[in-house]
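Under the numbering used here, the first residue of the sequence shown is numbered 24, with each subsequent residue one higher. These notes concern the structure reproduced below.
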Amino acid sequence: IKINEAEFKVLKHIPRCSATNLKVNSDQADINLPNELKKVYGHMDMGIYLYPLNNSKISVNDELNIS
(Lines of atoms letter the chains of each structure in order from A and count residues from 1; the text may use other names and numbers.)
(Lines give C-alpha, C1' and ligand atoms only; values in the text may rest on other atoms or scores of the structure.)
Protein backbone atom coordinates (compact mmCIF):
# COMPACT_ATOMS: atom_id res chain seq x y z
CA ILE A 1 0.00 0.00 0.00
CA LYS A 2 1.28 3.43 -0.88
CA ILE A 3 -0.14 6.75 0.35
CA ASN A 4 1.51 9.69 -1.38
CA GLU A 5 5.20 8.66 -1.07
CA ALA A 6 4.70 6.62 2.13
CA GLU A 7 4.88 2.86 1.59
CA PHE A 8 3.37 0.29 3.94
CA LYS A 9 3.39 -3.47 4.41
CA VAL A 10 0.12 -5.10 5.50
CA LEU A 11 0.82 -7.00 8.73
CA LYS A 12 -2.60 -8.51 9.39
CA HIS A 13 -6.34 -7.95 9.22
CA ILE A 14 -8.32 -6.48 12.13
CA PRO A 15 -11.29 -8.70 13.02
CA ARG A 16 -14.61 -7.36 14.25
CA CYS A 17 -15.09 -7.28 18.04
CA SER A 18 -17.77 -9.67 19.30
CA ALA A 19 -19.14 -6.91 21.57
CA THR A 20 -20.96 -5.56 18.49
CA ASN A 21 -23.36 -8.52 18.83
CA LEU A 22 -24.78 -7.24 22.13
CA LYS A 23 -27.99 -5.30 22.68
CA VAL A 24 -27.39 -1.73 23.84
CA ASN A 25 -27.04 -1.53 27.65
CA SER A 26 -27.24 -5.32 27.92
CA ASP A 27 -25.07 -8.42 28.00
CA GLN A 28 -27.40 -10.35 25.67
CA ALA A 29 -26.53 -10.98 22.04
CA ASP A 30 -29.23 -10.07 19.52
CA ILE A 31 -27.34 -10.24 16.20
CA ASN A 32 -24.22 -11.90 14.83
CA LEU A 33 -22.71 -8.86 13.14
CA PRO A 34 -19.51 -10.60 11.94
CA ASN A 35 -21.61 -13.20 10.09
CA GLU A 36 -23.78 -10.46 8.56
CA LEU A 37 -20.64 -8.66 7.37
CA LYS A 38 -19.39 -11.92 5.84
CA LYS A 39 -22.69 -12.40 3.97
CA VAL A 40 -22.81 -8.83 2.65
CA TYR A 41 -19.13 -8.02 2.04
CA GLY A 42 -17.50 -11.45 1.84
CA HIS A 43 -15.23 -10.83 4.86
CA MET A 44 -15.38 -9.93 8.56
CA ASP A 45 -12.42 -7.55 8.66
CA MET A 46 -12.76 -4.02 9.97
CA GLY A 47 -9.35 -2.77 8.90
CA ILE A 48 -5.71 -3.70 8.53
CA TYR A 49 -2.55 -3.16 10.54
CA LEU A 50 0.12 -1.41 8.45
CA TYR A 51 3.88 -1.23 8.98
CA PRO A 52 5.63 1.83 7.48
CA LEU A 53 8.49 0.97 5.10
CA ASN A 54 9.82 4.51 4.82
CA ASN A 55 9.65 7.85 6.60
CA SER A 56 7.11 9.99 4.72
CA LYS A 57 4.32 12.39 5.52
CA ILE A 58 0.70 11.61 4.63
CA SER A 59 -2.12 14.14 4.53
CA VAL A 60 -5.86 14.24 3.97
CA ASN A 61 -6.74 13.72 0.29
CA ASP A 62 -3.41 12.02 -0.55
CA GLU A 63 -3.62 9.41 -3.28
CA LEU A 64 -3.90 5.79 -2.12
CA ASN A 65 -2.45 2.99 -4.26
CA ILE A 66 -2.92 -0.71 -3.58
CA SER A 67 -0.81 -3.19 -5.49
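All residues carry an ideal CB built from backbone N, CA and C; glycine is no exception. Remember, it's a predicted structure, so these values are computed and weren't measured experimentally.
Span of the beta strand (DSSP E) holding residue i?
| i | result |
| --- | --- |
| V33 | A29 to P38 |
For residue i, which residues in the same chain have their Cβ closer than 7 Å to its Cβ, ignoring the five residues on either side in sequence?
| i | result |
| --- | --- |
| M67 | P38, R39, P57, L60 and K61 |
| N46 | In the sequence on display, residue 46 carries Lys and not Asn. D53. |
Considering only residues of the same chain and omitting the five flanking positions on each side of residue i, which have a CB-CB separation below 6 Å?
| i | result |
| --- | --- |
| I89 | I24 |
| M69 | I37 and R39 |
Which residues bound the alpha helix (DSSP H) around residue i?
| i | result |
| --- | --- |
| L73 | No alpha helix (DSSP H) contains L73, which is instead part of the beta strand (DSSP E) from D68 to P75. |
| L60 | L56 to Y64 |
Tell me residue i's beta-bridge partners as DSSP assigns them.
| i | result |
| --- | --- |
| A52 | L45 |
| N88 | K25 |
Leaving out the 5 sequence neighbours to the left and right, which residues in its chain are closer than 8 Å to residue i when beta-carbon positions are compared?
| i | result |
| --- | --- |
| N27 | S79, K80, I81, S82, D85 and E86 |
Original post:
Within the chosen definition, does the segment 68–77 reach the segment 30–42 through at least 3 CB pairs nearer than 8 Å?
Top reply: yes
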